[in-house]
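First to last, the sequence lines map onto chains W and E. Start counting the first sequence at 58; every next residue gets the next number (the working numbering). Start counting the second sequence at 58; every next residue gets the next number (the working numbering). For every residue, glycine included, the Cβ atom is placed at its ideal position computed from N, Cα and C.
2 protein chains.
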Amino acid sequence: MPAQVDLILRGGTILTLDRDLRVLEDRAIAIDGGRILDIFDPRAKQYAARQEIDTANCILMPGLINAHSHLPMTYFRGLADDLPLETWLRDYIWPLEAKLMKHEFIGQAALHGAAEMIKNGITQVQDMYFDMPAIAAACSQAGLRAIIGEAVLEGNGSAEQARPALGEKVLELRQSFAADPLLDFNLAPHSIYACSEKTLVQVAKVAAEHGILLHMHLAETRGEVRDCLKEHGLKPVHYLQKVGILELPAVYAHGVWTDPDEIGLMAANPASVAICSDSNLKLASGILPLAEYQRQGVNLCFATDGVASNNNLDLLAEIDLTAKLHKALNSDPAFLPAARAVQMATLDAAKALGVADRRGSLEPGKDADICVLSLAGLECQPVYNPYSHVVYTLGAKQVRDVVIAGEIVLRQGRLAKVDEAELVETAKSWKQRILKELG
Amino acid sequence: MPAQVDLILRGGTILTLDRDLRVLEDRAIAIDGGRILDIFDPRAKQYAARQEIDTANCILMPGLINAHSHLPMTYFRGLADDLPLETWLRDYIWPLEAKLMKHEFIGQAALHGAAEMIKNGITQVQDMYFDMPAIAAACSQAGLRAIIGEAVLEGNGSAEQARPALGEKVLELRQSFAADPLLDFNLAPHSIYACSEKTLVQVAKVAAEHGILLHMHLAETRGEVRDCLKEHGLKPVHYLQKVGILELPAVYAHGVWTDPDEIGLMAANPASVAICSDSNLKLASGILPLAEYQRQGVNLCFATDGVASNNNLDLLAEIDLTAKLHKALNSDPAFLPAARAVQMATLDAAKALGVADRRGSLEPGKDADICVLSLAGLECQPVYNPYSHVVYTLGAKQVRDVVIAGEIVLRQGRLAKVDEAELVETAKSWKQRILKELG
Numbered sequence: 058m059p060a061q062v063d064l065i066l067r068g069g070t071i072l073t074l075d076r077d078l079r080v081l082e083d084r085a086i087a088i089d090g091g092r093i094l095d096i097f098d099p100r101a102k103q104y105a106a107r108q109e110i111d112t113a114n115c116i117l118m119p120g121l122i123n124a125h126s127h128l129p130m131t132y133f134r135g136l137a138d139d140l141p142l143e144t145w146l147r148d149y150i151w152p153l154e155a156k157l158m159k160h161e162f163i164g165q166a167a168l169h170g171a172a173e174m175i176k177n178g179i180t181q182v183q184d185m186y187f188d189m190p191a192i193a194a195a196c197s198q199a200g201l202r203a204i205i206g207e208a209v210l211e212g213n214g215s216a217e218q219a220r221p222a223l224g225e226k227v228l229e230l231r232q233s234f235a236a237d238p239l240l241d242f243n244l245a246p247h248s249i250y251a252c253s254e255k256t257l258v259q260v261a262k263v264a265a266e267h268g269i270l271l272h273m274h275l276a277e278t279r280g281e282v283r284d285c286l287k288e289h290g291l292k293p294v295h296y297l298q299k300v301g302i303l304e305l306p307a308v309y310a311h312g313v314w315t316d317p318d319e320i321g322l323m324a325a326n327p328a329s330v331a332i333c334s335d336s337n338l339k340l341a342s343g344i345l346p347l348a349e350y351q352r353q354g355v356n357l358c359f360a361t362d363g364v365a366s367n368n369n370l371d372l373l374a375e376i377d378l379t380a381k382l383h384k385a386l387n388s389d390p391a392f393l394p395a396a397r398a399v400q401m402a403t404l405d406a407a408k409a410l411g412v413a414d415r416r417g418s419l420e421p422g423k424d425a426d427i428c429v430l431s432l433a434g435l436e437c438q439p440v441y442n443p444y445s446h447v448v449y450t451l452g453a454k455q456v457r458d459v460v461i462a463g464e465i466v467l468r469q470g471r472l473a474k475v476d477e478a479e480l481v482e483t484a485k486s487w488k489q490r491i492l493k494e495l496g
Numbered sequence: 058m059p060a061q062v063d064l065i066l067r068g069g070t071i072l073t074l075d076r077d078l079r080v081l082e083d084r085a086i087a088i089d090g091g092r093i094l095d096i097f098d099p100r101a102k103q104y105a106a107r108q109e110i111d112t113a114n115c116i117l118m119p120g121l122i123n124a125h126s127h128l129p130m131t132y133f134r135g136l137a138d139d140l141p142l143e144t145w146l147r148d149y150i151w152p153l154e155a156k157l158m159k160h161e162f163i164g165q166a167a168l169h170g171a172a173e174m175i176k177n178g179i180t181q182v183q184d185m186y187f188d189m190p191a192i193a194a195a196c197s198q199a200g201l202r203a204i205i206g207e208a209v210l211e212g213n214g215s216a217e218q219a220r221p222a223l224g225e226k227v228l229e230l231r232q233s234f235a236a237d238p239l240l241d242f243n244l245a246p247h248s249i250y251a252c253s254e255k256t257l258v259q260v261a262k263v264a265a266e267h268g269i270l271l272h273m274h275l276a277e278t279r280g281e282v283r284d285c286l287k288e289h290g291l292k293p294v295h296y297l298q299k300v301g302i303l304e305l306p307a308v309y310a311h312g313v314w315t316d317p318d319e320i321g322l323m324a325a326n327p328a329s330v331a332i333c334s335d336s337n338l339k340l341a342s343g344i345l346p347l348a349e350y351q352r353q354g355v356n357l358c359f360a361t362d363g364v365a366s367n368n369n370l371d372l373l374a375e376i377d378l379t380a381k382l383h384k385a386l387n388s389d390p391a392f393l394p395a396a397r398a399v400q401m402a403t404l405d406a407a408k409a410l411g412v413a414d415r416r417g418s419l420e421p422g423k424d425a426d427i428c429v430l431s432l433a434g435l436e437c438q439p440v441y442n443p444y445s446h447v448v449y450t451l452g453a454k455q456v457r458d459v460v461i462a463g464e465i466v467l468r469q470g471r472l473a474k475v476d477e478a479e480l481v482e483t484a485k486s487w488k489q490r491i492l493k494e495l496g
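Following this line, the structure appears as C-alpha cells:
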C-alpha cells in the first residue's frame, strides 16, 4: 500500500543543488511534515498524497534565499529615486521613519514585502529593522521563512539594550515564537558608522555567548571606509576584528569597498557576504570585488536590500545582474557560470545563514522550501540548460508555485495565505499618509 | 452625437512623452485608423468606441522601441552560455546558421521572437539578419512593427548584391509590402570587420541615393577596434567617415569602445547609438561610455540584441540595468534619471529610426503604438513616480496590453494574433533538430 504523504510535486526538471549538482527529469518530490521525504520515480506509485501539484514543464529548485533586506521599508518603494544618498535619507527616509515607524506600519509594510518575496520565489529572508515581533508576525502570516534581526544603532535605545539585554531579547523571542518553525531571530549591529565601539564589543560578546548569527552592513560606500580609517585608524574589516565581531559567524551586506587584504581576513573567518548589486548600482555605491572574494574563498550569496533602493524584491533579477556584470568587469564571459550563480542563491546562502544542513538544496530530510518556475510562456522556450535559464531567461514572471516548510504559499501566481487585493489597498492608504507627512 | 472611433483606452496614468513630458491622470485615448485621434476627458463623452479597454490602475506609455535585434536567433536562446565569444560562434552559432538558416527556420524563429517582443511591451523593432521577406512576414503575422535590414557581409552573397542590387532589393521590398503599414526595410552593413571597404563604400552610396537608414554593429569589442586600427590605420568611427557611412542617418549597435574624439564625430553626424547593456555584459564585451555620449549630445536608445546573447527580449530590463549601471560608474545616483531613460526607450528611439514625427510619444496624430502596464500586483504598490516605476519597479510581468497601429495585439497578457501554445511546440521541435545538428 502506498504511504500517505502531505504533498507531491510531480514532473518537471529538478535542480537538486545536491553535492553532485544532479539535475533530475521526470521525478516527483514527496513532502511530509514540512520536509522532503523522497525524490522518486512517479511510476513506482509508492506514495499517495493528500495534495498534488503537476509540475510538468516547470523547473523546480530550492527556494531562493534573500540574505539581506529591510521588509518594513516596502511602502517607500520609489518614493524618492535618482537623488543623492544624503538627500534621500535626510529629506525623506529619516523624517518618515521618525513619524511613521510604529508597530502597525512596520507590521503591514513587512507583510506586503513578505508576500512580494514569496511571489518572487524567495522562501527565506534575513531581515534587519526595528520591532522584531511585528516583522515576525508578518512573515508568519505570509508564510515566509525569516531570520529577523533587530537593528542595533546608537540613538534609538537599541544600542543601550545591546549591553547585554539584547541577547536576552533574542532568546526571549526565540522562545515566544518557538512554535513557529518559520522564524528565527538574530543580532544586527547596523554598521560600523552607526554603532559605537563599545556597542560593537558588547554585541560581539552577546552573540558569542548565545551562539547568535550576526547580520551587519559593511563597506557599502567609499565614505564609510574613509570615516572608519579616520575614526579608528583601521580599515573596516580590521576594525571588526578588533571589536571581536569578525571571528563570529556573520553575514555582511554589500562588502563593496574591501581590499584584498581585508578579503583575506574575511576568508579566514566565518564571514559571508550578501551581494546587493541592484542597490549598489542604483545608489551609486559601487561594485564589489566579486572575483577577489571568490579567489580567496569567501562564501557569497545574494540579497535585494530594502525595496526603497532597488525598487523590487526580485532575487532572480539580482542573480542575472550580478552574473552578467562581473563577466564584463572580468572581461570573461565564462566568469561566474550559471550553475555557480544558482548555487550562491540557494546552498551558499543557506551556508551563510548557518542552515545548510536543513535548506539550500532539494534532498530527502531537508526542509521542503521549493520554488517552481513555469516554462509555459514562449519567452521560456526553447530550454537547453536549466541553470542558464534560471539565471538569464526566467524572472519573477515565471514564479508559479512556492512551497515553504511543506506548505503551498503560492499557487499559479496567487498568494495562498494573504489577500493580495487587501494588501494593495492598505499600501495605497499608507501612501496617502506618507505623502501627507512629507507635506 | 459622439463620434465613432475604433478603440478607446480609458483611465490610468498616461506618460505622454510629449514636449512637456506631461503625465495625465484620468484621461482616455481615442484611437482611429491606427492613429491616436485624441486624448480626452472621458466624462465629456464625445467619442463612442467599437472597442474599449479599461486601463484604470495602469500606466500607459508609448510602445517600447527595440533598436537592434536578430529575431531569427530566438531558437538559440541559452544554447551555449558562459562561453568565450569565439567558442560560442565557432562551435555553435556559425555551424547551426550554415545548416539551419533556411526560410522556414528564419520565419518561425522570427515569429517566436516577434511575439515575445510584444509580450514585453515592444511595439517596434529594428532587426538585422538574412532573408528579409521571411522576417517581414513573421512580424506582420504577430502584429509587430518592424524595420528589417538585410545583413550585408562578405562571403554570403549579400556583399556582392551591395553593388548596387541591394538598394533595388530594399525598394522592391518596400513596394511589395507597401500594403502593410507595420513594415519598412533598410540596409544593415554588418560591421567594419565583416564588410570590405569596397562593400561599405557601395552600401553608403546606395543608402544615400535612396535615402535608406543604415543599421550597423560598431565598436562592440576591444578586438574590433584593434583590428580596425591595424587594417585601416583608423579608429572605427574615423573609418566610417572615410567610407562615407558616418554622414548618413544610421543606428549603431553597441558603441562600447569609442573614445571621446570618435564620439564627438558621431555627435556632429546623424548617428544614433543603440545601447545593448545585457548583451555587452553577458558576452563580456564591455560597457559603453554613456556619460560621454550624453555630454556630447549623441542620440541614444536601447536594444536587446539577439536573444542568444541576452537571454530574453525584455527592453524594460535593459532600461533598468542601463540606468542603474551608469549611476554606479559615474558615482552619481542622480545620473540618467528615470524620465530621461524612458524618453530614450521611446522618443529618442523613434528619432534614431527616423520616425519621431509618427511615433515615440502619445499625442494626437501619432501612430497608436501603446504599452499598458498593470499596477494590480502588490509588487507594483505603492506608486509615487510613474517614470521611476517603469524603470526600476515594473517588468515584463506587468505588460498587460499592447496596441500597435491601433490594433490590440496583446490583451491581459495573451497574444491576440498568434497561438502561443503552437509557437511553444514549434520551438520545442526546432530544439530537437538543433541538438541533432550539434551531434
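For residue i: DSSP bridge partner residues
i: E/Leu136; result: According to DSSP, which records beta bridges pairwise, E/Leu136 is partnered with nothing at all.
i: E/Ser431; result: E/Cys115
i: W/Arg471; result: W/Arg468
i: W/Asp184; result: W/Ser126 and W/Ile205
i: E/Ala105; result: E/Gln61
i: E/Ser329; result: E/Val308 and E/Asn356
i: W/Leu72; result: W/Val80
Proximal residues of chain C, C-beta to C-beta of residue i below 7 Å
i: E/Arg134; result: Although the question refers to chain C, the structure presented lacks it and instead comprises the protein chains W and E.
Same chain only: Cβ atoms within 6 Å of residue i, ignoring 5 sequence neighbours per side
i: W/Pro129; result: Ile163, Ala166, Ala167 and Tyr186
i: W/Glu281; result: Tyr250
i: E/Ile461; result: Thr180, Gly200, Arg202 and Asp426
Contacting residues, own chain, Cβ-Cβ under 7 Å from residue i (five flanking each side not counted)
i: E/Lys384; result: Pro390, Phe392 and Leu393
i: W/Met401; result: Leu357, Cys358 and Phe359
i: E/Ser197; result: Asp237, Leu239 and Leu240
i: W/Glu304; result: Asn326
Segment limits, beta strand (DSSP E) that includes residue i
i: W/His125; result: Leu121 to Ser126
i: W/Pro246; result: Leu240 to Pro246
i: W/Ser418; result: No beta strand (DSSP E) contains W/Ser418, which DSSP labels as neither H nor E.
i: W/Asp426; result: Where W/Asp426 is concerned, there is no enclosing beta strand (DSSP E), given that its DSSP letter is neither H nor E.
C-beta atoms of residue i and residue j nearer than 8 Å
i: E/Ala87; j: E/Phe97; result: yes
i: W/Leu244; j: W/Val294; result: no
i: E/Ala235; j: E/Ala199; result: no
i: E/Val475; j: E/Thr131; result: no
i: E/Thr73; j: E/Arg79; result: yes
i: W/Ala380; j: W/Ala396; result: no
i: E/Gly69; j: E/Val459; result: no
i: W/Ala251; j: W/Glu211; result: yes
i: E/Ser253; j: E/Met273; result: no
i: E/Arg279; j: E/Gly343; result: yes
i: E/Ile93; j: E/Ala425; result: yes
i: W/Gln183; j: W/Val260; result: no
i: E/Leu432; j: E/Ile116; result: yes
i: E/Val429; j: E/Arg471; result: no
i: W/Pro246; j: W/Leu257; result: yes
i: E/Leu338; j: W/Leu382; result: yes
Residue i: first and last residue of the uninterrupted alpha helix (DSSP H) it sits in
i: E/Val440; result: Looking at the DSSP string, E/Val440 is not in any alpha helix (DSSP H), and its letter there is neither H nor E.
i: E/Ile204; result: Taken as a continuous stretch (DSSP letters only), E/Ile204 belongs to no alpha helix (DSSP H), being part of the beta strand (DSSP E) at Arg202 to Val209.
Own chain, CB closer than 8 Å to residue i, minus 5 neighbours either side, in chain order
i: E/Gly90; result: Asp63 and Gly463
Interface positions of the region 317-343 of chain W facing chain E (Cβ-Cβ less than 8 Å), listed along the chain: Close to chain E, meaning a Cβ-Cβ distance shorter than 8 Å, are the following residues of the region 317-343 of chain W: Asp335, Asn337, Leu338, Lys339, Leu340, Ala341, Ser342 and Gly343.
What residues from the region 139-163 of chain E come within 7 Å of chain W, judged by C-beta to C-beta, listed N to C? Listed by position, the residues of the region 139-163 of chain E near chain W (Cβ gap below 7 Å) are Asp139, Leu140, Pro141 and Leu142.
Could you list the residues in the region 368-380 of chain E with a C-beta less than 7 Å from some C-beta on chain W, going in chain order? For the region 368-380 of chain E, the beta-carbon criterion of a distance under 7 Å to any beta-carbon of chain W is satisfied by Asn368, Asn369 and Leu378.
Given a limit of 7 Å on CB to CB distance, which residues of the region 165-190 of chain W reach chain E? Cβ contacts with chain E come from His169, Ala172, Glu173 and Lys176.
Cβ-based contacts, 9 Å cut-off: residues of the region 71-92 of chain E near chain W: Within the region 71-92 of chain E, no residue qualifies.
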